[in-house]
Amino acid sequence: DAKTTQPPSMDCAEGRAANLPCNHSTISGNEYVYWYRQIHSQGPQYIIHGLKNNETNEMASLIITEDRKSSTLILPHATLRDTAVYYCIVRVEIGSGGYQKVTFGIGTKLQVIP
Amino acid sequence: DTAVSQTPKYLVTQMGNDKSIKCEQNLGHDTMYWYKQDSKKFLKIMFSYNNKELIINETVPNRFSPKSPDKAHLNLHINSLELGDSAVYFCASKSSGIRNEQFFGPGTRLTVL
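Printed below as a string of structure tokens:
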């Protein structure tokens with residue numbers, strides 16, 4: 625599995641954009657970058673994923689560098705409810721059925737401050 | 007409507023006991039997982055099942071035995087519980103659509119005394 629490196633913690637002021645970086649320098653060509661978050665005491669929640677192009681959905685934007693060795697998750701207007709641990713993951717497919725083995729790292733603990 | 011549910015939410019038991027955790031998903035997904043999150047918050051995959059067949063077994067002790075009676079259920083039975091088994095166990099299921107995202111249950115906090 626390609627490993628990922630994230631800062632252990634970050635603070636962000638409420639209403640401002642939160643930019644969470646992730647390094648995945650050993651990512652291979654067919655691996656996607658996924659972001660999940662885990663709010664205290666809950667199960668992880670999918671946020672967004674991408675392969676090469678930048679992606680945006682109702683929750684966040686994902687910016688992937690051209691060499692794919694790093695990415696940034698952007699929460700455009702952080703709220704207190706966005707306080708959570710954010711995991712950057714690369715996906716490995718096992719088998720022809722696309723069975724997914726996902727390895728979670730330590731993640732980044734984002735604290736949104738009022 | 008609960009997408010992925012687990013029971014029980016909390017489980018406290020003595021060393022050496024045998025216990026089971028149940029998981030059910032009503033999303034129609036074919037693939038389900040068990041993860042273990044330890045005290046250091048590392049989230050590690052344990053098992054994956056696809057259509058009731060074991061796909062991934064991540065070097066988990068034989069004391070852990072998953073059972074999938076149908077594709078909507080993946081239960082985890084643990085024999086001879088040890089102190090190191092104390093953790094939060096998450097069940098998840100995966101869509102087969104474009105997003106391929108995993109949906110996680112609320113977790114079961116297991117404490118072995």
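So the protein lines, in turn, are chains A and B. If you're matching positions, the first sequence starts at 625 in the working numbering and goes up one per residue. If you're matching positions, the second sequence starts at 7 in the working numbering and goes up one per residue. Where a beta carbon is used, it is the ideal one built from N, C-alpha and C, also for glycine.
- For B/R115, the pairing in a beta bridge is given by DSSP as B/Y16 and B/V94.
- Uninterrupted beta strand (DSSP E) stretches at least 3 residues long and entirely within the segment 630-661 of chain A occur at 633-637 and 642-647, given in chain order.
- Put simply, the backbone Cα of A/N654 is about 9 Å away from that of A/R715.
- Under the Cβ distance rule, B/P72 does not count among the residues neighbouring chain A, no pair being separated by less than 8 Å.
- Per the C-alpha coordinates, the member of B/K58, B/K50, B/I84 and B/K15 positioned closest to A/Q666 is B/K15.
- 8 Å or more divides the Cβ of A/I713 from the Cβ of A/I698.
- Against chain B, the CB of A/Y670 has a partner CB under 8 Å away; the residue lies at that interface.
- Using a Cβ distance threshold of 8 Å, A/S695 and A/C646 count as a contacting pair.
- In the three-state reduction of the DSSP assignment, B/L33 falls in the coil class.
- Inter-residue distance for B/I27 and B/I51 is about 16 Å (C-alpha atoms, whole angstroms).
- A/A642 is classed as buried because its beta carbon has at least 16 other beta carbons within 10 Å across all chains shown.
- Collapsing the DSSP output to three states places A/D706 in a helix.
- Per DSSP, the beta-bridge partners of A/G674 are A/V657.
- When the alpha-carbon of B/D91 is set against those of B/Q12, B/T13 and B/N23, the nearest one is in B/N23.
- Counting only Cβ-Cβ distances below 8 Å, B/G113 has contacts in chain A at S665, Q666 and G667, in chain order.
- In the three-state reduction of the DSSP assignment, B/L87 falls in the coil class.
- Interface residue (Cβ-Cβ distance to chain B less than 8 Å): A/T727 is classified as such.
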